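Residues 151 to 259, numbered by this note's numbering, are exactly what the sequence shown covers, in order.
The block underneath contains the structure these notes are about, expressed in structure tokens.
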Amino acid sequence: MPSFWSDLIDYRAADDLLRARAPILLVQGGRDGSAPAEAARASADLFARAGRCNLAYWELPGLDHGMVDADGGSRMGEVLALARDWLARSRAGNAPRPCMQAGAAGGAE
Numbered sequence: 151m152p153s154f155w156s157d158l159i160d161y162r163a164a165d166d167l168l169r170a171r172a173p174i175l176l177v178q179g180g181r182d183g184s185a186p187a188e189a190a191r192a193s194a195d196l197f198a199r200a201g202r203c204n205l206a207y208w209e210l211p212g213l214d215h216g217m218v219d220a221d222g223g224s225r226m227g228e229v230l231a232l233a234r235d236w237l238a239r240s241r242a243g244n245a246p247r248p249c250m251q252a253g254a255a256g257g258a259e
């Protein structure tokens, strides 16, 4: 009988996300040592190759996983404010459709 962890070996969350119709915001710190930016870029590229336009990808180059800059200053409040604005625009139908080309990492709108 397979265990929980063995079932996850072949699971790709991106497959579920590709089926989603709702707008998705993926925020990535460029200096993230916990979740590499390359993995987030691969997800954005997957959406681009699939022709899906419901993923907005923001890569924030100077920030780490906790949205902290190189000087140790937290930027979490600023990032959350940007995300809140994006969500409000998305809910109102005013967010741009981020149809990206594969390999085109984005920044905050």
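Where a beta carbon is used, it is the ideal one built from N, C-alpha and C, also for glycine.
Quick caveat: nothing in here was measured; it's all calculated off a predicted structure.
Just to confirm the assignment: which complete beta strand (DSSP E) runs, minimum length 3, are found wholly within the stretch 159-206? Listed in chain order, they are 174-179.
A249 versus A220 - alpha carbon distance: Locating residue 249 in the sequence shown gives position 99, where the first residue counts as 1. Locating residue 220 in the sequence shown gives position 70, where the first residue counts as 1. Correcting the residue identity first, residue 249 is Cys in this sequence and not Ala. Approximately 31 Å, taken between the alpha carbons.
Just the Cα atoms here: how many angstroms apart are V177 and W155? The residue given as residue 177 occupies position 27 in the sequence shown. The residue given as residue 155 occupies position 5 in the sequence shown. Distance between the alpha carbons of V177 and W155: 26 Å.
Hey, I174 and L205 are a contact pair by Cβ (cut 8 Å); roughly how many whole angstroms apart? If you number the sequence shown from 1, residue 174 lands on position 24. If you number the sequence shown from 1, residue 205 lands on position 55. Right, their Cβ atoms sit about 5 Å apart.
In terms of alpha-carbon separation, which member of Y161, F197, G183, V218 lies closest to A170? To locate residue 170, count along the sequence shown from 1; it is residue 20. For A170, the closest alpha carbon among the candidates Y161, F197, G183, V218 is that of F197.
Would you list the residues sitting across from E209 in a DSSP beta bridge? The sequence position of residue 209 within the sequence shown is 59, counting from 1. DSSP lists Q178 as partners of E209.
For the alpha helix (DSSP H) holding D235, just list the boundary residues, first then last. Position 85 of the sequence shown, counted from the start, is the residue given in the question as residue 235. Looking at the DSSP string, the run of the alpha helix (DSSP H) that includes D235 is 226-241.
Straight-line Cα distance separating A245 from A238: Position 88 of the sequence shown holds residue 238. Position 95 of the sequence shown holds residue 245. Roughly 8 Å separates the two Cα atoms.
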